[in-house]
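Start counting the sequence shown at 172; every next residue gets the next number (my numbering).
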Amino acid sequence: MATAKPSVLEERTPLTLRCTRSKAAPLCKLVRRVAEYNKVLWNVGLGIRVENGLGELGIAIAPGIVVMDPWEDPSIDCESLDFAIFLQVDVLAHHHCIVAVELTFFVASNSFLLSLLQDMYSVRKVTISDVTCCETKVFEALEKLANPSDQNYSDEGEKYFCFSVRLPLFVIPKEQGSITLTALDVADLEFSTSCARQLINIFLQNNTISDLTVGSCVFTYDCVDLLHGFVLYLQKRRSPLKKLNVRTPEASMHALESLVKAIAQTTTLEQLAIDMDIYDAEDKALLSEVIARNRTLRTLSVTWTRNCLVSTIFYGFDHLSGDAATRIEPWLLALPENATLLALTVDLFGFSEEECCAFFLGLALNKALQNVDISHLPVCADLREICQIIRYSRLVKAIHIEDHHLSIGSLSMLPECPEATSLTVISFHLNNSEILRVTFEILASCNHLSSLRVCVQYCFLDKIQSAMAAYIMEASTLKELEVRSVRLRRCT
């Protein structure tokens, strides 16, 4: 029986939301909107399904997609197809309630999706079906995150590959002889609750670790709050800890508040790196307390490390929340008063253009900073105005704009903005082949560019390739180049 094609939703922004699954509310809001999402995802033959009663969801091949792949249907316009791909990646990017992913081989061949899947900490099973060709990049990418557990053939002769993600296990030996242990990284390891508690107890007793990298194991495991023990460790007197890296997407704002208060009181810490999924500037402002109160920290990094496509998902929508003064005032109060911080790396995602300008003015009042790396400026911001503020401040040689995503509006300003040395050209913002071609012509006039990423979400047309090649041949200052070309539909 034929499946009727659903209508494409015109109002798109409300469909994008962050995962709300937590201990108190195990069902993400996405559960209530599965039908709306599936109307769009149908265009790439996919749908969201409920895996169990625990709030876990999966992305699966939609029923009824048999005779024709939906992207081969001429009645589906390119805009609907692109948005379906966008929404699929959006769900994967920031919904840890997704634990299983089932894709056709054609969709799985999308390099962006493969890169994203490698970043997914919640996905335990990846299934690739309809293997009609041998693209080794798919299997090579999946082998980096998963171990093949099952291979078989369906009645139609299609080969199915099933991958189960097995995170490495870390077992602490009963007898500890780590007298000389000075550096430890356990951020990506999977712990049982008892093992995580044992690890924290070892931290409390240890007097040699000076460089520590931790993840969710010290915050929460299986909905068990473990943060209290780690806070006690940070507050330990005469601690040898000088460098701390916290890398986890799972920490709640309550956990972040407790962590910040503990770090602000440490007296030995010199380097701190925070890599968390903190989307809102108001939440990120909590970290300004470290700058305001800690007097030993020399280097602070507040980043959100995700690949090109994932960060683009969030660029497409307005994530400002709360009162503007609440978001920016803590930074403006903290920055001028700190006389010990020498290097600052900060992700300004979620800041408005006005807040970014105010932030740079606050930076200029600091007398100690020697190096500042900034990323995730607002795409639609007036890049010229921001660069002028930087140019006429004390930190003109110290501030570096990293990985700024070009938009149509900022493209013409680029030659006047030598402070922007690292750029990303992505078709999500420059969604016209002619604009993309012109982009490379403008880049050729920018002698300040040292790093470039190119992410194309549709057919990499010959004229775009030629324009990019011509730019690369003439780019005397370019030191780093990354190109991601993805075919979301067949070229003609």
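All residues carry an ideal CB built from backbone N, CA and C; glycine is no exception.
Requested in this report: Can you check DSSP and say which residues form a bridge with residue 542?
Outcome: BP columns for residue 542 point to 514.
| Who are the near neighbours of residue 612 in its chain, counting only those whose CB is closer than 6 Å to its CB and skipping five residues on each side? | The answer is none, since no qualifying residue turns up.
Under the three-state reduction of DSSP, which class applies to residue 432: helix, strand or coil?
Residue 432 carries a helical assignment under DSSP once its states are collapsed to helix, strand and coil.
- [ ] Could you please give the first and the last residue of the uninterrupted beta strand (DSSP E) stretch that includes residue 443?
- [x] DSSP places residue 443 in the uninterrupted beta strand (DSSP E) bounded by 442 to 447.
Between the alpha carbons of residue 578 and residue 207, how many angstroms are there, rounded? Answer to the nearest angstrom: the Cα atoms are 29 Å apart.
Roughly how many whole angstroms lie between the Cα atoms of residue 218 and residue 367?
-> Whole-angstrom Cα-Cα distance: 36 Å.
(message) Checking the sheet assignment: what are the DSSP bridge partners for residue 575?
(response) Looking at the DSSP assignment, residue 575 forms a beta bridge with 594.
(message) Can you tell me which residues form a DSSP beta bridge with residue 474?
(response) DSSP lists 446 as the bridge partner or partners of residue 474.
Review point. Can you tell me whether DSSP reads residue 462 as helix, strand or coil?
Key: In this structure, DSSP gives residue 462 a helical state, which the three-state scheme calls helix.
Check: For chain C, is any of its Cβ atoms less than 8 Å away from the one on residue 215?
Finding: No chain C appears in this structure, which consists of one protein chain only.
- prompt: For residue 271, which of 297, 379 and 512 has the nearest alpha-carbon?
  reply: Comparing alpha carbon positions, the residue from 297, 379 and 512 closest to residue 271 is 297.
(message) Quick check: residue 468 and residue 431, are their CB atoms within less than 8 Å of each other?
(response) The answer is no: Cβ separation not under 8 Å.
Self-check item: Three-state secondary structure (DSSP) of residue 296
Solution: Three-state DSSP puts residue 296 in a strand.
Task: Nonlocal neighbours in the same chain, by C-beta distance under 6 Å from residue 668, ignoring five residues either side - done: No answer is possible for residue 668: it lies beyond the span of the chain, which begins at 172 and ends at 663.
* Asked: Taking the C-alpha atoms as reference points, what is the distance between residue 416 and residue 371?
  -> Cα atoms of residue 416 and residue 371: separation of roughly 15 Å, rounded to the nearest angstrom.
If you reduce the DSSP assignment to three classes, tell me which class residue 232 lands in. Of the three classes helix, strand and coil, the one that applies to residue 232 here is strand, per DSSP.
Q) From residue 156 to residue 377, what distance separates their C-alpha atoms? A) There is no way to answer for residue 156, as the model of the chain reaches only from 172 to 663.
**Prompt:** Does DSSP classify residue 192 as helix, strand or coil?
**Reply:** The three-state reading of DSSP puts residue 192 in coil, since its state is none of H, G, I, E or B.
Problem - Inter-residue spacing [alpha-carbon to alpha-carbon] between residue 650 and residue 643 - result: Cα to Cα, residue 650 sits roughly 10 Å from residue 643.
>> Here's a check: name, in chain order, each residue in its chain whose Cβ is nearer than 8 Å to the Cβ of residue 513, leaving out the five neighbours to either side.
In response: Same-chain partners within the cutoff: 469, 470, 539, 540, 541 and 542.
- Query: According to the Cβ coordinates, are residue 576 and residue 597 closer than 8 Å?
  - Reply: In contact: residue 576 and residue 597 (Cβ atoms closer than 8 Å).
Handout entry: residue 414: first and last residue of the uninterrupted alpha helix (DSSP H) it sits in
Key = Here residue 414 belongs to no alpha helix (DSSP H); instead the beta strand (DSSP E) covers 414 to 419.
What does the alpha-carbon distance come out to for the pair residue 411 and residue 356? If you draw a straight line from the Cα of residue 411 to the Cα of residue 356, it is about 16 Å long.
- Message: How far does the alpha helix (DSSP H) with residue 454 in it extend, from its first residue to its last?
- Response: Where residue 454 is concerned, the enclosing alpha helix (DSSP H) stretches over 452 to 455.
- request: Kindly list the residues whose CB is nearer than 7 Å to the CB of residue 592, restricted to its own chain and excluding five residues on each side of it in sequence; keep chain order.
  value: Closer than 7 Å at the Cβ level, and outside the excluded window around residue 592, lie 571, 572, 619, 620, 621 and 622.
### Task
Could you spell out the range, first to last residue, of the alpha helix (DSSP H) harbouring residue 633?
Taken as a continuous stretch (DSSP letters only), the alpha helix (DSSP H) holding residue 633 covers 633 to 645.
*asked:* Once DSSP output is grouped into helix, strand and coil, what is the label at residue 269?
replied: Residue 269 sits in a strand when the DSSP states are folded into three classes.
For residue 218, which three-state DSSP category applies? Reduced to three states, the DSSP call for residue 218 is strand.
* Go ahead and pull the three-state DSSP assignment for residue 623. => Correct three-state label for residue 623: strand.
Q) By how many angstroms is the C-alpha of residue 197 removed from the C-alpha of residue 221? A) Cα to Cα, the separation comes out at about 13 Å.
Is residue 613 helix, strand or coil by DSSP? Judged by DSSP in its simplified three-state form, residue 613 adopts helix.
Discussion item. Please state the DSSP three-state secondary structure of residue 553.
Written reply: Residue 553: coil per DSSP, three-state reduction.
Pairwise C-alpha distance: residue 634 and residue 393
Residue placement at residue 393 cannot be trusted, given a pLDDT of 45 that sits under 50; the coordinates are not used to answer.
- Coarse secondary structure for residue 262, derived from DSSP in three states: Three-state DSSP puts residue 262 in a helix.
Next on the checklist: Does residue 652 pass the burial test, meaning 16 or more other C-beta atoms within 10 Å, or should it be called exposed?
Outcome noted: Looking at its Cβ environment, which holds fewer than 16 other Cβ atoms inside 10 Å, residue 652 is exposed.
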